[in-house]
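Residue numbers (my numbering), protein chains in the order written: chain Y, 1 to 310; chain D, 1001 to 1440; chain S, 2001 to 2312.
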């Protein structure tokens, strides 16, 4: 430590021994860039190119024709795809709303620092660490009206007949069934981020408010909420992106059904790309989704930065 | 730290080696099929082949809900996993046209295997492409159709019989028409039997793979549904949405709404078996392939079960299941694979195949005078195979199937639109597919 | 500053808060407990209605998970008495054990691909993060943002060209292919997290080492790495958990050789019907390591989650 304080690094000394910093920088970064180019960028460019063709990956000998913007046109004018977008929007909106509400409330409670809060926090966090496919598959079992636990618990508290409603099979309930499981899994994530936000608020701000005789209620709205807001918005961004990509959990739970009620865009894309094998069409679809999420996220990040500046 | 790294490196390298090492030796054959009862019987049967030929058999059995996905993915990626594939009947078009399957005509001629030795319906459905022409891409391996089974013990109870008579004025017994079957199912729906609420019947409603299509066609065919007005012309208007088809689709929806257990909104083979074995339903539809296992079930098998063929309405008709066995063209061991097919086609092996629970399609087995009496469902099987119909077997079959899954599920389970509208939309979807294919 | 703080919470408030959180935690645990319990039910108990809370435990689910069985004739069963306890369990269905199931292989694949990709992501990620943290790299901010934005693509969309590429390269259904793919997905998060950890290490340490005659590489290896060990470990856990849980790529790009456990477990079927006890047994064995990990390493892990997200 003392040495550090006394020494002034001489720039010449670095480059003399071993590789220059510049070379090391490139040697260190190159493999990562190369990997990303090979497995992210090149495929992305290929997808763009395929999106203008009628290519089908399962028809090797078939002639590949350039179809221009036809794939894009077909997707954007397809009413069924708009229904999938709506289902995705419903899923996004409600999962985020519920997770923010419950996650914030939990963080607020945990921040009261009761005895053992550390252990219970860990237990609450468990679901988000688990495999969505494996857990989703098991939730399907929990939702069975005859043999599953979920309906019996609802029945226990409300008195309705357990076999009188079908979470996964009814058009009006299925969209909620996936919201419930996603909320169960991912509320802890929002909670942790809120907790970090709450813990970042220095005590003296509250103390000053107390001296000003601000009520607890007022303190909550004028100090706690605004200070946690940037954190909360970040959590929303992460959840938003993740749930826009949602596939594994929902495909296991409902498979998109009943009918196409819970057919989120990723599930629909999978059907087009890997069951119907309309590769060109699915590529255009993928590009549209990518542009959508990228665009929405960019707008959101701008808003987020504004909140932070305030 | 360095020790830690070494362990990880070793693990990673282990991955590389297993990945690059040849998957099997020259006489190691892999047969791919669905994971279900008959597959286990085939393992047993194949032991004889192993001891006779010296080849070793490996098996890759994929559960039904993923079978098509996994296997078509495998074929489309040119995978060398399967030397032999017992693929679904609808794949034959794609298998032949995309070069996934080896054409077997020369081999059959050379080995003296005649397709005349196999039941004509199975040869047509499992082996030929284009349909009905003498171009063979598979040997019929497993005959199958969608049939029904019921709780014989309940059907024979006097109190239940009397109640049925009082309710309908008819005798309770194996239904002779689709509508009678619905009436029986509705009679059982919600009834108390031995202190438990039971339901009418378990039917196929699965959305993800092929379930609801296989179920709904079991109503469509007896009503006289046709895919085309003129075979090979793809003229579907008036055939796919004929008044009979509309009536049949409405019937299936009514069946689903009024005579099935709650929660069976996405159910296929497994759920149908579960419902029956747990004593929830009086009747259930399922493939004949499961019938040996159902008959042997300690709780609901034996005296408590009996079987019937999919009842006729305007005509007899059953949905075809079953598969032919093909040699995958990407295999590096085609000769050994062909050897297996040659061995499998022998009458003695076919007889043992039936005995172990596989549905042989060989005439020597089916025409044997003892066949009908050999199992309680053997007669029904023969009857069903006499009137089977299959879905499109086009190379674009997956697109056609997924369109039907969507339209039918939207109507039957998700209550969207009317039966006529669902079928009209289906024609639109199918027309688009055939246009893309250049066939329209 | 006075010793009394206005933000101290009264013990009554604490108790109420504690109770509410514990109630929520218990509700959260219920599905997981139910998975564990179902693994020890018989198939009949698992699908009984109403659901059974009290049942006599059996290892049937675990036996079914690890074995393949086949139905046998009465004759065979009588002539060949069961050889062990597992065999005895399956005999009640007139079946015999004929060999192991695929579960072991799939589990091992999960281990190989999980650890392989984690190692690679950390190795490459640490190097890149160090470079981003210490050197002026042209367009560094753009590069970093770009690296992170690659996570915005839905996995299915990414899988389309990867499928075609792997088909041509022969990487379909190989461990190497999956390791590379998971590394590519994980590396953005790894670089992001690790850069944060390395930023926290004072530059003065290395500069002192450089003056002592270390090369830049030695300084990185002998000074920075040990300092960043905790950060590296918690990043590794994130990469491992992602690879361990991943489903979409695995289901589309693997088949018999390299398939991992997540696409496999939901497809376990028994004699005809869905074998829920075996599914639950598989799920338990698959989820348990992660749960134990989480509880044991909760300090680093929980910090890592918030850290990764909160760093701007």
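We put the beta carbon where it would ideally sit given N, CA and C, even for glycine.
Pairwise C-alpha distance: residue j and residue i
i	j	result
residue 258/Y	residue 80/Y	14 Å
residue 1401/D	residue 2013/S	60 Å
residue 964/D	residue 1327/D	Any property of residue 964/D remains undetermined from this structure, which presents chain D solely from 1001 to 1440.
residue 1163/D	residue 1194/D	15 Å
residue 180/Y	residue 1079/D	39 Å
residue 152/Y	residue 2094/S	34 Å
residue 2245/S	residue 110/Y	28 Å
residue 2215/S	residue 2119/S	25 Å
residue 1035/D	residue 1412/D	28 Å
residue 187/Y	residue 2040/S	29 Å
residue 33/Y	residue 2151/S	15 Å
residue 10/Y	residue 2219/S	Residue confidence for residue 10/Y is low, a pLDDT of 44 falling below 50, so the modelled location carries little weight; the figure read from the coordinates is stated next. Going from the Cα of residue 10/Y to the Cα of residue 2219/S covers about 15 Å.
residue 141/Y	residue 147/Y	8 Å
residue 25/Y	residue 2123/S	15 Å
residue 43/Y	residue 2160/S	8 Å
residue 1421/D	residue 1405/D	15 Å
residue 2247/S	residue 2263/S	6 Å
residue 2203/S	residue 2213/S	16 Å
Per DSSP, cross-strand counterpart(s) of residue i
i	result
residue 1308/D	1148/D
residue 1192/D	1197/D
residue 160/Y	In the DSSP output, where bridge partners are listed per residue, residue 160/Y has none listed.
residue 2100/S	2067/S
residue 1323/D	1088/D and 1142/D
residue 1034/D	1062/D
residue 1028/D	1056/D
residue 1389/D	1319/D
residue 2084/S	Note: residue 2084/S sits in no beta bridge, so no partner.
residue 66/Y	53/Y
residue 1362/D	1118/D
As assigned by DSSP and simplified to three states, the class of residue i
i	result
residue 144/Y	coil
residue 2114/S	helix
residue 1286/D	strand
residue 1367/D	coil
residue 1202/D	strand
residue 1158/D	helix
residue 1328/D	strand
residue 2126/S	helix
residue 2023/S	helix
residue 2095/S	strand
residue 1281/D	strand
residue 72/Y	helix
Problem - Three-pair Cβ contact test at 8 Å for the segment 1253-1270 of chain D versus the segment 1209-1229 of chain D - result: yes
Practice task
Decide if the segment 2223-2235 of chain S is in contact with the segment 2164-2178 of chain S; the criterion is three or more beta carbon pairs, one per stretch, under 8 Å apart.
Solution key: no
Exercise for the section: Just list the alpha helix (DSSP H) runs in the segment 1046-1088 of chain D, keeping only unbroken ones of 4 residues or longer that don't cross its boundaries, in chain order. Expected result: 1064-1076
Handout entry: Three or more C-beta pairs below 8 Å linking the segment 1153-1163 of chain D and the segment 1408-1417 of chain D
Key = no
Exercise for the section: Only counting runs of 4 or more residues, tell me where the alpha helix (DSSP H) segments fall wholly within the segment 1100-1138 of chain D, in order along the chain. Expected result: 1105-1111 and 1120-1126
Exercise for the section: Could you say if the segment 61-76 of chain Y and the segment 242-255 of chain Y meet the contact criterion of at least three C-beta pairs nearer than 8 Å? Expected result: no
Problem - Any alpha helix (DSSP H) of 4 or more consecutive residues that is wholly inside the segment 199-287 of chain Y - result: 203-211, 216-219, 225-244, 248-253 and 265-270
Problem - Residue ranges of each alpha helix (DSSP H) within the segment 1229-1279 of chain D, 4 or longer - result: 1243-1259 and 1269-1277
Practice task
Could you tell me which uninterrupted alpha helix (DSSP H) segments, each at least 4 residues in length, are contained entirely in the segment 1163-1189 of chain D, listed from first to last along the chain?
Solution key: 1178-1188
Practice task
Jot down the residue ranges of each uninterrupted alpha helix (DSSP H) in the segment 2130-2204 of chain S, minimum 4 residues, whole runs only, in chain order.
Solution key: 2140-2149, 2155-2169 and 2175-2200
Handout entry: Cβ contact (3+ pairs, closer than 8 Å) linking the segment 1101-1120 of chain D and the segment 1279-1294 of chain D
Key = no
Exercise for the section: Examine the Cβ distances between the segment 1248-1266 of chain D and the segment 1180-1188 of chain D and report whether three or more of them are shorter than 8 Å. Expected result: yes
Exercise for the section: Could you say if the segment 2054-2063 of chain S and the segment 2277-2291 of chain S meet the contact criterion of at least three C-beta pairs nearer than 8 Å? Expected result: yes
Exercise for the section: Decide if the segment 112-120 of chain Y is in contact with the segment 264-277 of chain Y; the criterion is three or more beta carbon pairs, one per stretch, under 8 Å apart. Expected result: no
Problem - Sufficient close CB pairs (3 or more, under 8 Å) joining the segment 277-291 of chain Y to the segment 71-79 of chain Y - result: yes
Handout entry: Contiguous beta strand (DSSP E) assignments of at least 3 residues, all confined to the segment 2247-2295 of chain S
Key = none
Problem - Stretch pair the segment 1067-1085 of chain D + the segment 1032-1050 of chain D: three plus CB contacts closer than 8 Å - result: yes
Problem - Contact the segment 2125-2138 of chain S vs the segment 2167-2176 of chain S: 3+ CB pairs below 8 Å - result: no
Exercise for the section: For the segment 222-234 of chain Y and the segment 1370-1384 of chain D, state whether three or more C-beta atom pairs, one from each stretch, are separated by less than 8 Å. Expected result: no
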